[in-house]
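Heads up: the first sequence is residues 241 to 686, going by my numbering.
Note sheet for the following structure.
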Amino acid sequence: MARVDDEPPPDVVVAGRLVGLRRMGGTSFAQLRDGSGEVQLFLNQQSLGQVAYRHALEVLDVGDFVSAGGPLFRTRTAEPSVRVERLQVAAKALRPLPAKWHGLHDAETRFRQRYLDILANDDVRRRFEARTSIVSALRRVLDDHGFLEVETPTLQPVYGGGAATPFVTTYAALNRDYYLRIADELYLKRLLVAGYERVYEICKNFRNEGIDSSHCPEFTMLECYQAFADLGDMRELAQQLVAAAAEAACGTRQIQFDDRVLDFTPPWRRVTYRDALLASTRVDLERDGSTSALKDAAKANEIPVDPSWSRAKLLDELMKTLVEPTFVQPTFLERYPTETAPLAKRCPDDPRYIERFEVFVNGMEMANAYTELNDPLEQRARMEEQASARYGADATPVDEDFLLALEHGMPPAGGLGLGVDRLVMALAGVTNIREVILFPQLRDRS
RNA sequence: GGGCUGGUAGCUCAGUUGGCAGAGCAGCGGACUUUUAAUCCGAAGGUCGUGGGUUCGAGACCCACCCGGCCCA
Numbered sequence: 241m242a243r244v245d246d247e248p249p250p251d252v253v254v255a256g257r258l259v260g261l262r263r264m265g266g267t268s269f270a271q272l273r274d275g276s277g278e279v280q281l282f283l284n285q286q287s288l289g290q291v292a293y294r295h296a297l298e299v300l301d302v303g304d305f306v307s308a309g310g311p312l313f314r315t316r317t318a319e320p321s322v323r324v325e326r327l328q329v330a331a332k333a334l335r336p337l338p339a340k341w342h343g344l345h346d347a348e349t350r351f352r353q354r355y356l357d358i359l360a361n362d363d364v365r366r367r368f369e370a371r372t373s374i375v376s377a378l379r380r381v382l383d384d385h386g387f388l389e390v391e392t393p394t395l396q397p398v399y400g401g402g403a404a405t406p407f408v409t410t411y412a413a414l415n416r417d418y419y420l421r422i423a424d425e426l427y428l429k430r431l432l433v434a435g436y437e438r439v440y441e442i443c444k445n446f447r448n449e450g451i452d453s454s455h456c457p458e459f460t461m462l463e464c465y466q467a468f469a470d471l472g473d474m475r476e477l478a479q480q481l482v483a484a485a486a487e488a489a490c491g492t493r494q495i496q497f498d499d500r501v502l503d504f505t506p507p508w509r510r511v512t513y514r515d516a517l518l519a520s521t522r523v524d525l526e527r528d529g530s531t532s533a534l535k536d537a538a539k540a541n542e543i544p545v546d547p548s549w550s551r552a553k554l555l556d557e558l559m560k561t562l563v564e565p566t567f568v569q570p571t572f573l574e575r576y577p578t579e580t581a582p583l584a585k586r587c588p589d590d591p592r593y594i595e596r597f598e599v600f601v602n603g604m605e606m607a608n609a610y611t612e613l614n615d616p617l618e619q620r621a622r623m624e625e626q627a628s629a630r631y632g633a634d635a636t637p638v639d640e641d642f643l644l645a646l647e648h649g650m651p652p653a654g655g656l657g658l659g660v661d662r663l664v665m666a667l668a669g670v671t672n673i674r675e676v677i678l679f680p681q682l683r684d685r686s
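The structure is reproduced here in structure tokens:
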């Protein structure tokens with residue numbers, strides 16, 4: 241490879257985007273950038289020829305892609321430069337780049353024209369590179385553990401694996417409504433039935449619900465399932481995945497986030513659901529966890545209560561409002577009440593609880609894991625309960641095809657879901673999920 | 001859905017008690033043969049988010065709406 245101080249001066253060809261142009265009469269300087277860095281072009285009447293030189297200045301604009309050839313040398317100020325003897329415009333820019341020194345700050349334009357945001361703002365460009373490193377690190381950990389990466393349907397005839405409103409679409413060839421997946425859990429479990437013992441998928445899920453700083457209707461989830469494993473194995477795996485992601489993105493497990501440091505070094509804190517609720521609301525699920533006790537607690541904390549809410553919904557609201565925001569450092573919330581999730585196995589010592597944890601960071605849910613329910617009879621009962629009117633708007637349909645698979649025998653297993661966007665948020669130190677999604681959807685301007 | 005806040009030139013932003021719409025950068029014209037946020041001279045650039053209203057006069061005040069941001073539900 242040619243070096244700038246080689247003798248004789250090596251003849252090189254460079255190409256990239258013009259990001260600066262200083263016209264100074266008979267000599268001009270241009271700044272050329274590509275993915276690897278920048279180099280200065282030295283444009284001069286003598287080396288380029290009078291006609292070509294004049295034409296170049298006429299036609300060149302900042303933003304153009306150009307290729308240039310000529311000897312590599314240093315200018316008087318020792319700046320490595322190409323003395324341009326041949327010049328070609330490879331692509332013309334018709335619109336100007338965002339102001340070089342003021343950048344692009346308007347949030348709306350940054351989201352609507354992300355390419356300009358990435359072009360103008362180094363921190364944004366690096367953040368999306370970090371996102372890719374994080375996803376690679378997650379894959380590496382799972383691949384190293386012998387997990388098989390698979391692809392399952394995005395379009396599903398029955399939605400399941402979570403409680404959410406789906407996007408509905410029409411599958412013309414099959415002449416019926418289909419749903420964009422809200423989760424891929426039930427398909428990955430079918431693969432456990434099939435005999436694959438470790439599977440995972442990183443995919444987009446779609447939930448037709450609100451948009452705010454931590455929710456995007458189209459988001460990325462990692463789900464993995466491991467046969468003959470339990471919640472304790474998932475706890476280990478979650479810590480390993482996140483620690484590896486942190487090191488990949490930041491080179492450390494201690495992440496500066498605003499004025500605090502998030503420490504992802506295992507082991508993370510563990511709190512039981514009952515203890516957390518008790519500490520924040522003085523509701524003790526062991527003494528009086530009735531619907532009316534939960535309603536009283538909600539009212540006492542100025543949470544507006546819809547009379548139609550189920551006990552599960554009340555619990556969720558209390559936890560969301562009073563408990564979860566208090567978990568700043570990575571925390572496992574464990575031993576959930578049984579009605580909070582129909583797909584998790586009950587605790588062997590107490591059927592009122594399930595073997596489930598969620599991980600919270602910065603007050604935000606980041607992961608969810610169970611020892612998976614693999615008893616087809618209980619699964620049917622729990623799904624039918626979840627489908628009943630008592631769950632109102634949160635009711636989810638019974639997936640008969642999934643139950644059929646379970647009836648053929650699913651090995652005991654642990655399963656883990658990890659919200660990739662939220663993991664990236666925590667590691668990148670941003671508080672809006674749109675900052676980690678390349679092309680977030682916005683309302684039409686007009 | 002509620003509260004707060006923003007939308008002015010391509011970009012970043014000013015705009016005072018209501019009185020001719022501003023700056024820097026970019027762009028355009030000119031000078032300049034070693035600059036690097038080049039410099040200097042000149043000219044130009046506007047549906048002040050949209051629609052109403054108040055007023056002799058509205059970018060500013062009032063009402064409604066559109067599109068964002070932050071917080072809350």
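Every residue gets a Cβ at the ideal spot worked out from N, C-alpha and C, and that includes glycine.
If you're wondering where the values come from, they're calculated on a predicted model, not measured in any experiment.
Alpha carbon of residue i to alpha carbon of residue j, nearest angstrom
| i | j | result |
| --- | --- | --- |
| residue 546 | residue 517 | 20 Å |
| residue 446 | residue 427 | 16 Å |
| residue 568 | residue 402 | 25 Å |
| residue 364 | residue 679 | 13 Å |
| residue 353 | residue 334 | 16 Å |
| residue 444 | residue 393 | 11 Å |
| residue 536 | residue 553 | 14 Å |
| residue 495 | residue 481 | 15 Å |
| residue 665 | residue 497 | 10 Å |
| residue 456 | residue 348 | 16 Å |
| residue 249 | residue 356 | 36 Å |
| residue 643 | residue 304 | 59 Å |
| residue 639 | residue 625 | 13 Å |
| residue 534 | residue 430 | 37 Å |
Burial state of residue i (16 or more Cβ within 10 Å)
| i | result |
| --- | --- |
| residue 268 | buried |
| residue 406 | buried |
| residue 386 | exposed |
| residue 264 | exposed |
| residue 411 | exposed |
| residue 308 | buried |
| residue 570 | buried |
| residue 532 | exposed |
| residue 513 | buried |
| residue 241 | exposed |
| residue 291 | exposed |
| residue 400 | buried |
| residue 549 | buried |
| residue 372 | exposed |
| residue 434 | exposed |
Pick from the options that is closest to residue i, judged by C-alpha positions
| i | options | result |
| --- | --- | --- |
| residue 479 | 452, 456, 459 and 510 | 510 |
| residue 285 | 277, 295 and 276 | 295 |
| residue 636 | 604, 491, 543 and 419 | 419 |
| residue 330 | 356, 344, 299 and 348 | 299 |
| residue 251 | 507, 283, 292 and 324 | 324 |
| residue 425 | 305, 614, 414 and 258 | 614 |
| residue 508 | 537, 628, 475 and 492 | 475 |
| residue 253 | 317, 245 and 328 | 328 |
| residue 278 | 512, 257 and 291 | 257 |
| residue 520 | 541, 669 and 440 | 541 |
| residue 663 | 431, 594 and 459 | 459 |
| residue 675 | 620, 345, 301 and 293 | 345 |
| residue 247 | 280, 311 and 628 | 311 |
| residue 600 | 564, 370 and 612 | 564 |
| residue 543 | 549, 550 and 558 | 558 |
| residue 684 | 293, 351 and 416 | 351 |
| residue 397 | 391, 389, 409 and 404 | 409 |
Extent of the continuous beta strand (DSSP E) run through residue i
| i | result |
| --- | --- |
| residue 579 | Segment: none, residue 579 is in no beta strand (DSSP E) and carries neither H nor E. |
| residue 269 | 267–274 |
| residue 464 | 458–467 |
| residue 320 | 320–323 |
| residue 311 | 305–314 |
Contact belief for residue i with residue j at Cβ below 8 Å, rounded distance in angstroms
| i | j | result |
| --- | --- | --- |
| residue 489 | residue 504 | The Cβ separation is near 11 Å, so there is no contact. |
| residue 582 | residue 622 | 4 Å |
| residue 555 | residue 607 | Not really, about 19 Å apart at Cβ, beyond 8 Å. |
| residue 467 | residue 645 | About 14 Å; that fails the 8 Å criterion. |
| residue 525 | residue 611 | 20 Å between Cβ atoms; not a contact. |
Enclosing alpha helix (DSSP H) for residue i [first to last residue]
| i | result |
| --- | --- |
| residue 513 | 513–521 |
| residue 256 | No alpha helix (DSSP H) contains residue 256, which is instead part of the beta strand (DSSP E) from 251–263. |
| residue 642 | 640–647 |
| residue 373 | 362–384 |
| residue 302 | No alpha helix (DSSP H) holds residue 302; DSSP gives it neither H nor E. |
| residue 427 | 425–433 |
| residue 554 | 551–558 |
| residue 537 | 531–540 |
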